[in-house]
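Per the working numbering, the sequence shown starts with residue 971, numbered consecutively.
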Amino acid sequence: MWSVLRRNPLAFLLAVLLHAALLGLFIFQLVKEKTRPSLPPSPPIVEAVALDKNLIEEETRKLREAEEAARKAEDERQQRLEQAAEEAEKARRDEEQRLDELRQQQAEERERLAQLAMEQQRKLHETQLQREAEERRREEAETLRLEEERKRADAEKDRLAAEEKARQAAEQARLKELEIQKAEQKARELAEAKRAAEEQTRREVAARKAAEEQALKEAKAREKAAEEQARREAEAKKVAEEKARKEAQAKKDAEEKARKAAEAKKAAEEKARKEAEAEKRREEQARKKAEEERKRQVEAERQAREEALRQQMEREAELRRATELEEFVGYVRQKVRRSWLRPIGLPNGLVCRVRLRLLPDGSVLSAEVTQSSGNGAFDRSVETAIRKAAPLDLPKDPVLRDQLRSFSLEFQGEE
971 MWSVLRRNPL AFLLAVLLHA ALLGLFIFQL VKEKTRPSLP PSPPIVEAVA
1021 LDKNLIEEET RKLREAEEAA RKAEDERQQR LEQAAEEAEK ARRDEEQRLD
1071 ELRQQQAEER ERLAQLAMEQ QRKLHETQLQ REAEERRREE AETLRLEEER
1121 KRADAEKDRL AAEEKARQAA EQARLKELEI QKAEQKAREL AEAKRAAEEQ
1171 TRREVAARKA AEEQALKEAK AREKAAEEQA RREAEAKKVA EEKARKEAQA
1221 KKDAEEKARK AAEAKKAAEE KARKEAEAEK RREEQARKKA EEERKRQVEA
1271 ERQAREEALR QQMEREAELR RATELEEFVG YVRQKVRRSW LRPIGLPNGL
1321 VCRVRLRLLP DGSVLSAEVT QSSGNGAFDR SVETAIRKAA PLDLPKDPVL
1371 RDQLRSFSLE FQGEE
């Protein structure tokens, strides 16, 4: 009983009021019978009392049927609400599963992009290490080459110094030999002068001749030595000039090679810088693209959630309107039944369907029988009861009010 009270308090209140009215009527009849003078009972009065009791029993039966119908309608409404709630819960679970799958896909995509970025960073690092190793090998080779050239230059310098030293030693030996020869010649001349004083004239002539020959020989020797010295100096100068030229050429070649190496290094650095910038731009584009994709997915999720919420709200609104529509039709049927007066001699179990057209204030604009019961008196009594039940309390929902401007009502007489 309490569940019926909570679900449909209006029907319960009406039932209580009807019971109270019937109880009051019954008590009034009893009091009236007790206060009358004691007279022999007459058949008409007994018949009237019996008629009132039958009316009470009939109304009680109708009330029980109304309560049972209200309870069944409420149970059906509860079942529909529970079914709708289950469907909404299933839709929510499906949506949560889809969102979980979408989040999983996003996580996998973020992990793939992170791995791709790490792989690109690793390749870039390996390329940088290879370039640095190649640069170190080139620098080491250049250092070895310069060291080799320095050693060759030092060896050449040592060789020239040794040749110069040997030449000077040979020159000193030659000069010493000349001095020895001069000393020996002078000794021979002195000895010859001592041995052949008598041959002074001849000796003087021979001496003069020998002196002239010696002078000529010495002059030739000095000239030859001077020529040899000049030749050696010229050769040394030529060697020095050639060495200087080679050193200058080597220095020029080294500078040119260093310049080309610097240009190549600069070009490689510029290329690496451009490649790094291009890679950075690609990474930035990939990041922006991933960020745009993430935003798009977030927006799609938001729109999907909004759409799901909107559809759920629409379903709930439709379910609520359907429930309110059934409740309103039940309310109209009960109100019409309370206004209905059963024609005399009417058979039981008659049913007719009436199309109602209402005004915005709940007044009945028209009531047209669309499916007759086959009994004109019953159909007319239903139309009359509908007009007597007006005005009807329309729901507050404007959509439902608009739907109820015209609706069909099935009315069944007593079984």
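Backbone N, C-alpha and C fix where the C-beta goes; we use that ideal spot for every residue, glycine too.
Could you tell me which whole beta strand (DSSP E) segments of length 3 or greater appear in the stretch 1186 to 1253? none
Taking the alpha carbon of S1333 as the reference point, which residue from R1050, R1371, E1211 has its own alpha carbon closest? R1371
What are the boundary residues of the beta strand (DSSP E) that includes R1371? For R1371, no beta strand (DSSP E) encloses it; the enclosing alpha helix (DSSP H) starts and ends at 1368 to 1373.
Please report the straight-line C-alpha distance between L1328 and L1316, rounded to a whole angstrom. 29 Å
Report yes or no: do the stretch 1356 to 1367 and the stretch 1299 to 1319 share at least 3 C-beta pairs separated by less than 8 Å? yes
Quick one: using the 10 Å Cβ neighbour count with 16 as the cut-off for buried, is S1376 buried or exposed? Around the C-beta of S1376, fewer than 16 other C-beta atoms lie within 10 Å, and the residue is accordingly described as exposed.
With respect to the alpha helix (DSSP H) encompassing S1342, which residues constitute its N-terminal and C-terminal limits? First-last for S1342: undefined, no H or E at that position.
Rounded Cβ spacing between A1061 and A1347 (contact assumed at less than 8 Å): 51 Å between Cβ atoms; not a contact.
Beta strand (DSSP E) segment containing S1376, residue limits: Residues 1376 to 1382.
Label L1145 either buried or exposed according to how many other C-beta atoms from any shown protein chain fall within 10 Å of its C-beta, with 16 as the threshold for buried. exposed
Sequence-distant residues of its chain with Cβ nearer than 6 Å to R1350 (five each side left out): none
In terms of residue numbering, what span does the beta strand (DSSP E) encompassing L1326 cover? 1321 to 1328
What residues match up with V1334 in a beta bridge as DSSP calls it? DSSP, once it has assigned bridges, lists L1328 as partnering V1334.
Expressed to the nearest angstrom, what Euclidean distance is found between the alpha-carbon atoms of L983 and L1289? 26 Å
Could you tell me which of E1159, D1128, L1069 sits nearest to E1271, measuring between CA atoms? L1069
How about A1166 and R1158: are their beta carbons less than 7 Å apart? no
Verify whether the separation of the beta carbon atoms of Q1282 and A1055 is less than 7 Å. no
With a threshold of 16 other CB atoms inside 10 Å of the CB of A1125, please say whether the residue is buried or exposed. Exposed: under 16 other Cβ atoms inside 10 Å.
Determine whether the beta carbon atoms of E1037 and A985 lie at a separation below 7 Å. yes
Q1341: which of E1380, A1039, K1156 sits nearest, CA to CA? The candidate whose alpha carbon is nearest that of Q1341 is E1380.
Please identify the residue among L1033, L993, K1023, A1039 whose C-alpha is closest to the C-alpha of E925. No information on residue 925 is available, as it lies outside the stretch 971 to 1385 that the chain covers here.
Buried or exposed: E1353, going by 16 or more other Cβ atoms within 10 Å of its Cβ? buried
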